[in-house]
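**Student:**
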Amino acid sequence: VVRVRGGNTNTLFCVSGFRDYNDNNDTSFDSVLLRVFGAEGLIDRDVENPTYAALARAGIAPDYFGRFGNGRIEGWVESSRPLVQSTKAQELSSPLYSTAIAKLMARLHQSFEVPPELQPYHSEPSLWNELTAWANQILKVVVFQTERDQKMAKELKLHELPGELDWLRNEVVPPNTKVAFCHNDVLAANILLDNNDTLHLIDFEYGSMNYVGFDIANHLNEFGGGTDIPSGIPNYDWLPSLESQRAFVESYLGPDNEEEEVNNLLAEVQAFRLVNHLYWGLWAVIQASTEGCSEFDYMVYATHRIRQFWKCKPGI
Numbered sequence: 002v003v004r005v006r007g008g009n010t011n012t013l014f015c016v017s018g019f020r021d022y023n024d025n026n027d028t029s030f031d032s033v034l035l036r037v038f039g040a041e042g043l044i045d046r047d048v049e050n051p052t053y054a055a056l057a058r059a060g061i062a063p064d065y066f067g068r069f070g071n072g073r074i075e076g077w078v079e080s081s082r083p084l085v086q087s088t089k090a091q092e093l094s095s096p097l098y099s100t101a102i103a104k105l106m107a108r109l110h111q112s113f114e115v116p117p118e119l120q121p122y123h124s125e126p127s128l129w130n131e132l133t134a135w136a137n138q139i140l141k142v143v144v145f146q147t148e149r150d151q152k153m154a155k156e157l158k159l160h161e162l163p164g165e166l167d168w169l170r171n172e173v174v175p176p177n178t179k180v181a182f183c184h185n186d187v188l189a190a191n192i193l194l195d196n197n198d199t200l201h202l203i204d205f206e207y208g209s210m211n212y213v214g215f216d217i218a219n220h221l222n223e224f225g226g227g228t229d230i231p232s233g234i235p236n237y238d239w240l241p242s243l244e245s246q247r248a249f250v251e252s253y254l255g256p257d258n259e260e261e262e263v264n265n266l267l268a269e270v271q272a273f274r275l276v277n278h279l280y281w282g283l284w285a286v287i288q289a290s291t292e293g294c295s296e297f298d299y300m301v302y303a304t305h306r307i308r309q310f311w312k313c314k315p316g317i
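Counting with this note's numbering, you get residues 2 to 317 for the letters of the sequence shown.
#1: Would you tell me roughly how many angstroms separate the C-alpha atoms of Asp298 and Pro231, rounded to the nearest one?
#2: Which residues mark the beginning and the end of the alpha helix (DSSP H) in which Ile74 is found?
#3: Can you tell me where the beta strand (DSSP E) holding Gly67 begins and where it ends?
#4: Assuming Leu13 and Arg36 form a contact by the criterion Cβ under 8 Å, report the distance between their Cβ atoms to the nearest whole angstrom.
#5: Considering only the alpha carbon of each residue, which of Asn71, Ala134, Ser81 and Arg247 lies closest to Pro163?
#6: In the DSSP output, what is Ile192 paired with across the bridge?
#7: Rounding to the nearest angstrom, what Cα-Cα distance links Glu75 and Gly316 in this structure?
#8: Exposed or buried, what is Thr304 when buried is set at 16 or more other beta-carbons lying within 10 Å of its beta-carbon?
#9: For Leu13, list the residues DSSP reports as bridge partners.
#10: Bridge partners for Pro83 per DSSP, in chain order?
#11: Grab the span of the beta strand (DSSP E) containing Phe182 for me, first residue to last.
#12: Tell me, to the nearest whole angstrom, how far the beta carbon of Val187 is from that of Asn219; I am working on the premise that it is less than 8 Å.
#13: Is Tyr122 helix, strand or coil by DSSP?
#14: Determine the DSSP secondary structure at Tyr212, reduced to helix, strand or coil.
#15: Between the C-alpha atoms of Phe387 and Asp195, what's the straight-line distance to the nearest angstrom?
#16: By the DSSP assignment, the alpha helix (DSSP H) with Gln91 in it spans what residues?
#17: Near Gln146, what residues of its chain come up, given a Cβ to Cβ distance below 6 Å and the 5 sequence neighbours on each side ignored?
#18: Looking only at its chain, what residues have a beta carbon closer than 7 Å to the beta carbon of Val301, apart from the 5 residues adjacent to it on each side?
#19: Please work out which residues of its chain come closer than 7 Å, Cβ to Cβ, to Phe205, disregarding the five sequence neighbours upstream and downstream, and give them in chain order.
#20: Report the rounded CA-to-CA distance for Gly67 versus Glu41, giving the unit in angstroms.
And the structure:
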């Protein structure tokens with residue numbers, strides 16, 4: 002049993018040696034991923050778990066082996082590693098991987114059908130309901146785990162954010178934006194590269210029906226990193242240029258795309274990149290209040306994401 006580093010929401014372990022305990026040597030795998038759930042109150046595990054199982058059956062997510070009280074057992078992607086987006090390397094922006102990531106996201110959006118028994122829980126985009134619930138939850142938080150966190154939260158002027166969410170929803174995001182089942186968290190750590198140079202999406206726990214433009218915007222914002230190091234500081238100098246964003250959208254839409262289609266989706270992405278900063282900023286504030294910042298500095302991360310929202314707002 003080996004602790005797997007890189008998960009900020011959950012505690013992860015790789016459990017190996019299954020072939021050694023199988024007398025017939027007919028086990029198709031030697032290792033599994035054991036996930037102990039975190040993010041209490043942010044994710045409805047009674048919906049997320051069967052949704053993950055459906056994604057696994059569709060061949061989009063790694064295998065699903067079952068759930069226990071506060072976690073589940075998933076397939077382990079053998080001989081693989083997560084992509085790197087840090088000072089060591091910025092692999093998300095590499096043309097070698099970027100086109101493949103765009104195609105993986107397109108496959109998810111275009112091919113996965115939510116099973117009938119789960120459709121009541123995935124009947125509409127989750128984004129605005131989640132953001133509203135998180136904003137309301139934050140306004141009820143009166144005590145953080147340290148005085149430093151308390152002071153940093155006060156400086157973020159969190160009481161102003163519900164009004165900003167209304168503005169984004171009613172005046173910034175284009176109407177009639179396309180909806181599909183989305184991953185919502187395609188950062189470097191959730192993309193595995195195996196020995197055959199094949200990419201795999203993992204960690205679908207924030208997956209839901211949502212806006213395609215938001216899912217793409219989230220991925221492009223993740224070029225800034227920040228969640229892979231304890232300090233929680235993104236580097237926004239790594240964010241893709243408008244030209245690089247257009248190239249990603251063109252790869253996502255495929256070779257038969259038309260310029261108007263590219264322009265429309267790119268406009269949606271620009272709007273949702275602003276929304277996305279508040280999404281993960283609010284998430285991080287809640288994590289700071291419930292989990293604390295000893296292993297990952299959620300308050301620093303929240304500060305950078307929310308400041309980036311205010312910095313980018315005048316350009317909309």
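We put the CB at the ideal spot given by N, CA and C, even for glycine.
**Tutor:** Walking through what the data contain:
#1: As a working mapping, residue 298 is identified with position 297 in the sequence shown. As a working mapping, residue 231 is identified with position 230 in the sequence shown. Rounded to whole angstroms, Asp298 to Pro231 spans 6 Å at the Cα level.
#2: Counting from 1 along the sequence shown, the entry for residue 74 is found at position 73. Premise fails: Ile74 lies in the beta strand (DSSP E), Gly72 to Gly76, not in any alpha helix (DSSP H).
#3: Position 66 of the sequence shown, counted from the start, is the residue given in the question as residue 67. Residues Tyr65 to Phe69.
#4: The residue given as residue 13 occupies position 12 in the sequence shown. The residue given as residue 36 occupies position 35 in the sequence shown. Confirmed, about 6 Å.
#5: The residue you call residue 163 lines up with position 162 of the sequence shown. Of Asn71, Ala134, Ser81 and Arg247, the residue nearest in Cα terms is Ala134.
#6: Along the sequence shown, read from residue 1 onward, the residue named residue 192 stands at position 191. In DSSP, Ile192 forms a bridge with Leu202.
#7: Locating residue 75 in the sequence shown gives position 74, counting from the first residue. Locating residue 316 in the sequence shown gives position 315, counting from the first residue. Computed Cα separation, rounded: 43 Å.
#8: Here residue 304 is taken as the residue at index 303 of the sequence shown, counted from 1. Buried, because 16 or more other Cβ atoms sit within 10 Å of the Cβ of Thr304.
#9: Taking the first residue of the sequence shown as position 1, residue 13 is located at position 12. Per DSSP, Val5 and Arg36.
#10: To locate residue 83, count along the sequence shown from 1; it is residue 82. Paired residue(s): Leu193.
#11: In the sequence shown, counting from the first residue as 1, residue 182 sits at position 181. Val180 to Cys183 is the span of the beta strand (DSSP E), which, as asked, contains Phe182.
#12: Reading the sequence shown from its first residue, position 186 is the one you call residue 187. Reading the sequence shown from its first residue, position 218 is the one you call residue 219. That pair is a contact at about 7 Å.
#13: In the sequence shown, residue 122 corresponds to position 121, counting from 1. In the structure shown, Tyr122 sits in a helix (DSSP, three-state: H, G or I).
#14: Here residue 212 refers to the residue found at position 211 when the sequence shown is read from its first residue. DSSP places Tyr212 in strand when its eight states are reduced to three.
#15: Shown here, the chain extends from 2 to 317; a query on residue 387 therefore has no answer.
#16: Here residue 91 is taken as the residue at index 90 of the sequence shown, counted from 1. From DSSP, Gln91 is part of no alpha helix (DSSP H); its letter is neither H nor E.
#17: Start at 1 with the first residue of the sequence shown, and residue 146 comes out as number 145. Around Gln146: Gly293.
#18: Taking the first residue of the sequence shown as position 1, residue 301 is located at position 300. The answer, listed in chain order, is Ser232, Gly233 and Ile234.
#19: Taking the first residue of the sequence shown as 1, we reach residue 205 at position 204. Hits under 7 Å: Tyr53, Leu56, Ala62 and His184.
#20: Here the question's residue 67 lines up with position 66 in the sequence shown. Here the question's residue 41 lines up with position 40 in the sequence shown. When rounded, the distance between both Cα atoms is 20 Å.
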